[in-house]
Amino acid sequence: MDNIEYLNSYPEYRNLFPTQKMYDDFVRFMDMDEEERHLFSEENKKRIEAMSPEEREEDWNNVVKGTELLIEFAKEEIPKLAYEKKMLEASKKQNKVTWEDIRKKINNIASL
Numbered sequence: 024m025d026n027i028e029y030l031n032s033y034p035e036y037r038n039l040f041p042t043q044k045m046y047d048d049f050v051r052f053m054d055m056d057e058e059e060r061h062l063f064s065e066e067n068k069k070r071i072e073a074m075s076p077e078e079r080e081e082d083w084n085n086v087v088k089g090t091e092l093l094i095e096f097a098k099e100e101i102p103k104l105a106y107e108k109k110m111l112e113a114s115k116k117q118n119k120v121t122w123e124d125i126r127k128k129i130n131n132i133a134s135l
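Residue numbering for the sequence shown follows the working numbering, beginning at 24 and increasing consecutively.
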């Protein structure tokens with residue numbers, strides 16, 4: 024599954040980007056290699072330099088809004104992911120029955 028398919032399979036991720044252009048740029052950026060990312064960055068600098076002061080302010084406000092959305096998303100999702108990881112680790116530990124576990128159970132039963 025490539026990055027576009029992955030992002031499209033989670034539509035809630037689209038809500039992290041204040042504009043469609045920011046989302047499209049992010050998707051493009053994810054599929055770029057290092058050299059392409061450098062060229063993209065240079066093009067973006069030129070695009071920003073060509074903007075009017077009002078456009079720059081709007082672009083900056085969108086960046087700030089995107090950062091705020093990402094922080095809010097992380098506040099909700101990181102604890103969920105940490106909990107899921109702990110639950111997976113716990114279930115793996117519980118499913119692994121060792122000979123030592125069996126011996127302990129037998130000894131406990133025998134001591135009754």
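C-beta: ideal position from N, C-alpha, C; glycine also.
Between the beta-carbon of L39 and that of G89 there is about 7 Å, and that keeps the pair under the 8 Å contact cut. Under the DSSP assignment, L62 falls in the alpha helix (DSSP H) whose first and last residues are E57 to E72.
One alpha carbon belongs to S134, the other to K115, and they sit about 29 Å apart.
The beta carbon of I71 sits closer than 7 Å to those of R79 and D82, all from its chain and outside the five residues before and after it, given in chain order.
The three-state secondary structure of Y46, taken from DSSP, is helix.
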